[in-house]
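Okay, structure first, notes after.
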Amino acid sequence: MATAPLGQPPVRLSWEMPGCYSDENQRLWKVSRLQFTPSHTAHCRHQVSITVTLCLVDECREGYLSHCLSRLMCLPRRWQKHTLFLYAGTDSRFWRIEEHVRIDEVEQLVLQMEDQIGRSTHSVAKPMHPQ
99 MATAPLGQPP VRLSWEMPGC YSDENQRLWK VSRLQFTPSH TAHCRHQVSI TVTLCLVDEC
159 REGYLSHCLS RLMCLPRRWQ KHTLFLYAGT DSRFWRIEEH VRIDEVEQLV LQMEDQIGRS
219 THSVAKPMHP Q
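Each residue of the sequence shown is one higher than the last, beginning at 99 in my numbering.
Printed below as a string of C-alpha cells:
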C-alpha cells in the first residue's frame, strides 16, 4: 500500500448530506470511518473521543449511510480551518488533523475531536461497515 503526503488539507468542509461534506473547491468528502473511544480526564469526568476518516470521492449517494445515521449526528455541520493543524467545528469543538494522505489513489483526511485546544485522546480507528 503506497502512501504519499499531500499539500494543504481543505480550508472548509460543509455538510451536504449525512456522511458527506464538500470543500471550498466543491470536492466531495465521504465519512468512511467513525470511531468512538471512552476517555477519562484527571477529574474523573467520562468523555468520548471521536475520530473521523473522510475520503475524497466523485459522488455521494443519498442514504448510503442510512444504517448509521444516528452516529453521524455527532459530527459538526461544518469544519473551518482554525490553525495549521486544527479545524473549528460548528459543534464548538476543535478537531485536530491526525493525517492527510493519499493511499492507493484515495485522498484521506483523519480528524480527531479535542477535549481542549491541544489535547486529544488517541484511539485506533475502526471501519464503519463490518467486513
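We put the CB at the ideal spot given by N, CA and C, even for glycine. Owing to the predicted nature of the structure, the values given are computational and were not obtained by experimental measurement.
Reduced DSSP secondary structure (H/G/I, E/B, other) of residue i
{"i": "Cys158", "result": "coil"}
{"i": "Cys166", "result": "helix"}
{"i": "Pro116", "result": "coil"}
{"i": "Gln178", "result": "strand"}
{"i": "Gln206", "result": "strand"}
{"i": "Pro136", "result": "strand"}
{"i": "Ser218", "result": "Below a pLDDT of 50, predicted positions are generally treated as unreliable, and Ser218, at 48, falls in that range; no measurement from the model is reported."}
{"i": "Met171", "result": "coil"}
{"i": "Leu104", "result": "coil"}
Proximity below 8 angstroms, CB of residue i to CB of residue j
{"i": "Arg176", "j": "Trp127", "result": "no"}
{"i": "Thr151", "j": "Arg131", "result": "yes"}
{"i": "Leu184", "j": "His198", "result": "no"}
{"i": "Pro136", "j": "Asp121", "result": "no"}
{"i": "Pro174", "j": "Asp189", "result": "yes"}
{"i": "Asp202", "j": "Gln145", "result": "no"}
Where residue i falls, given that 16 or more other Cβ within 10 Å makes a residue buried
{"i": "Leu104", "result": "exposed"}
{"i": "Met211", "result": "buried"}
{"i": "Lys204", "result": "It should be pointed out that residue 204 corresponds to Val in this sequence rather than to Lys. Exposed is the call here."}
{"i": "Leu111", "result": "buried"}
Neighbourhood of residue i by C-beta, 8 angstroms cutoff - its chain only, sequence neighbours within 5 removed
{"i": "Thr149", "result": "Arg131, Leu132, Gln133, Thr135, Glu196, Val208, Leu209, Gln210, Met211, Ser221, Ala223"}
{"i": "Leu170", "result": "Pro116, Gly117, Val129, Leu132, Leu163"}
{"i": "Arg191", "result": "Pro174, Met211, Glu212"}
{"i": "His180", "result": "Ala186, Phe192"}
One or two residues paired with residue i in a DSSP bridge
{"i": "Gly187", "result": "Trp177"}
{"i": "Leu111", "result": "Asp121, Trp177"}
{"i": "Ser147", "result": "Thr135"}
{"i": "Glu197", "result": "Val208"}
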